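So for the sequence shown, my numbering puts the first residue at 2; every next one is plus one.
Note sheet for the following structure.
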Amino acid sequence: MNGLAEKQDGLARKLVSILKIGNAYTLEEMASILNQKPNAVSRKGVLTSDGSDAQILLVTLEKDKYSTPGYFDHLSGSRLFWTGQNVLKATEKKLIAGTHDTFIFLQERRKTPYVYYGRAIPTRMQINWEPGKPSHIVFELVEYAASLEAMNLRSSKIYQADEVIQTEHGYAVSSLPERTETEKFSTIRTAQSTYRKNVLSFWHEQCAVTGVDNKGWLIASHIKPWRESTDEERLDPHNSLLLTPNFDKLFDRGVISFSSSNGKIILPEHQSRTMWNNLNRMHVDDNICLREVPDGVGKFLDYHTQFIYNFEPTDDVSTEDFIEEMLVKGLV
């Protein structure tokens with residue numbers, strides 16, 4: 002990871018040299034590393050020190066009666082979905098400015114040790130500056146993901162289309178062999194071919210919004226993103242919308258979503274005049290609706306509305322990840 006710790010001396014470099022991914026740490030140990038007194042780090046969700054280039058997020062995954070209502074912190078693979086503080090917004094400012102490396106510690110429940118998960122990069126942010134309304138941020142735990150791959154413990158394995166099983170809905174889904182890095186892109190392309198065929202059939206070879214039936218213009222778009230989906234979800238056509246490029250881009254970026262109950266479009270909560278003008282030029286308004294919401298699609302639309310819609314992508318995406326996403330969509 003090319004973070005601040007690799008560029009300069011400071012707290013970030015110190016933490017990288019001391020902390021080990023997968024190890025458990027007490028608050029007393031963290032206070033010692035930060036050269037602070039134990040009571041200075043007690044009952045805090047974010048730790049840092051004046052003039053440093055690092056911030057530590059302490060996240061409790063299992064909420065209880067003492068937890069702040071509205072928080073939905075959870076870990077999915079190497080993605081951390083984090084809810085910010087209600088009042089203080091210093092963490093959000095540092096993430097936007099890129100002035101700090103962010104170190105992640107997770108505990109399953111209160112009064113259990115914190116486990117170190119490495120540094121994190123924000124991939125989507127829904128920033129709320131209004132006091133009392135927390136921000137929601139999706140982090141990629143890049144060092145944790147790398148450690149899993151190195152230990153061959155990654156749970157999400159790429160599909161091979163020549164080893165097919167049937168889902169409960171009757172669509173072809175590949176079984177899950179091990180992969181090597183050199184096979185990665187070719188197997189993704191093969192998987193996408195299977196997925197696209199299933200999606201075209203599922204949506205009757207028509208755009209889910211407009212009814213356009215020129216297959217060359219249509220994109221098989223995942224509702225729950227490929228990198229956040231389970232093995233079966235990656236090729237499940239219920240996790241799809243068949244869309245023309247303009248709707249695909251708006252949906253993929255979280256500018257719009259669709260109701261799981263009636264398919265009605267969900268427009269941006271806060272529209273600038275520029276955004277409103279651009280949506281108007283594309284004839285995107287509140288009259289738009291999915292032509293249907295088939296059984297099994299609703300749960301994925303709910304996920305999109307909660308975790309993708311209204312989030313701003315950071316576009317801090319590696320070339321490899323960008324190519325992988327293009328392959329998943331069948332665009333290269």
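For glycine and all other residues, C-beta sits at the position ideal for the given N, C-alpha and C.
As the structure is a computational prediction, the values presented were derived from the model and not from experiment.
To the nearest angstrom, report how far apart I138 and T306 are at their CA atoms.
One-based indexing of the sequence shown puts residue 138 at position 137. One-based indexing of the sequence shown puts residue 306 at position 305. Each residue's alpha carbon lies about 14 Å from the other.
Could you tell me the distance, in whole angstroms, from the CA atom of R228 to the CA atom of S258?
By 1-based counting over the sequence shown, the position of residue 228 is 227. By 1-based counting over the sequence shown, the position of residue 258 is 257. Whole-angstrom Cα-Cα distance: 19 Å.
Starting from the C-beta of Y196, find all residues in its chain whose C-beta is less than 7 Å away, skip the five residues before and the five after it, and write them out in chain order.
Here the question's residue 196 lines up with position 195 in the sequence shown. If we look at Y196 and ignore the five residues flanking it on each side, its Cβ neighbours are A221, L236.
Exposed or buried, D249, counting other C-beta atoms within 10 Å across all chains shown (16 or more means buried)?
For the purposes of this step, residue 249 is identified with residue 248 of the sequence shown, where counting begins at 1. It is buried - the Cβ of D249 has at least 16 other Cβ atoms within 10 Å.
Against chain C, does Q56 count as a neighbour if the rule is that its beta carbon must be under 8 Å from one of theirs?
The structure shown has no chain C; it contains just one protein chain.
C-beta contact flag for L48 and L35 at 8 Å
Stepping through the sequence shown from its first residue, residue 48 is reached at position 47. Stepping through the sequence shown from its first residue, residue 35 is reached at position 34. Contact: yes.
So H223 packs on S194, CB below 8 Å; how close in whole Å?
Here the question's residue 223 lines up with position 222 in the sequence shown. Here the question's residue 194 lines up with position 193 in the sequence shown. About 15 Å separates the two Cβ atoms, so there is no contact after all.
Say whether the stretch 269-285 touches the stretch 206-217, bearing in mind that this needs 3 or more beta-carbon pairs closer than 8 Å, one atom from each stretch.
no
Chain-order list of residues whose beta-carbon lies under 6 Å from that of H239 (same chain, five-residue window excluded)
As a first step, residue 239 is located in the sequence shown; it is residue number 238 there, counting from the start. Taken in chain order, the residues that qualify are G297, V298.
Applying the criterion that 16 or more other CB atoms from any shown protein chain within 10 Å of the CB defines a buried residue, is H271 buried or exposed?
Taking the first residue of the sequence shown as 1, we reach residue 271 at position 270. By the neighbour-count rule (16 or more Cβ atoms within 10 Å), H271 is not buried but exposed.
Coarse secondary structure for S77, derived from DSSP in three states
Taking the sequence shown and counting its residues from 1, the one referred to as residue 77 is at position 76. Strand, per DSSP.
Could you name the residues of the same chain whose beta carbon sits closer than 8 Å to that of L154, not counting the 5 residues immediately before and after it, in chain order?
To locate residue 154, count along the sequence shown from 1; it is residue 153. Residue placement at L154 is poorly supported in this model, since its pLDDT is 42, which falls under 50; the coordinates still yield a value, given next. Same-chain partners within the cutoff: there are none.
Just the C-alpha distance for E169 and Y118, rounded to the nearest angstrom, thanks.
Counting from 1 along the sequence shown, the entry for residue 169 is found at position 168. Counting from 1 along the sequence shown, the entry for residue 118 is found at position 117. Its pLDDT being 44, under 50, E169 is placed unreliably by the model, and nothing is read from it.
Limits of the alpha helix (DSSP H) - the one that T92 falls within
Residue 92 sits at position 91 when you count from the first residue of the sequence shown. T92 -> alpha helix (DSSP H) spans 91-98.
Evaluate N199 with the Cβ neighbour count: other Cβ atoms within 10 Å of its Cβ, from every protein chain shown; 16 or more gives buried, anything less gives exposed.
In the sequence shown, the residue the question calls residue 199 occupies position 198. Buried, since its Cβ has 16 or more Cβ neighbours within 10 Å.
If you draw a straight line from the C-alpha of V42 to the C-alpha of A13, how long is it?
Here residue 42 is taken as the residue at index 41 of the sequence shown, counted from 1. Here residue 13 is taken as the residue at index 12 of the sequence shown, counted from 1. Between V42 and A13, the C-alpha separation is close to 17 Å.
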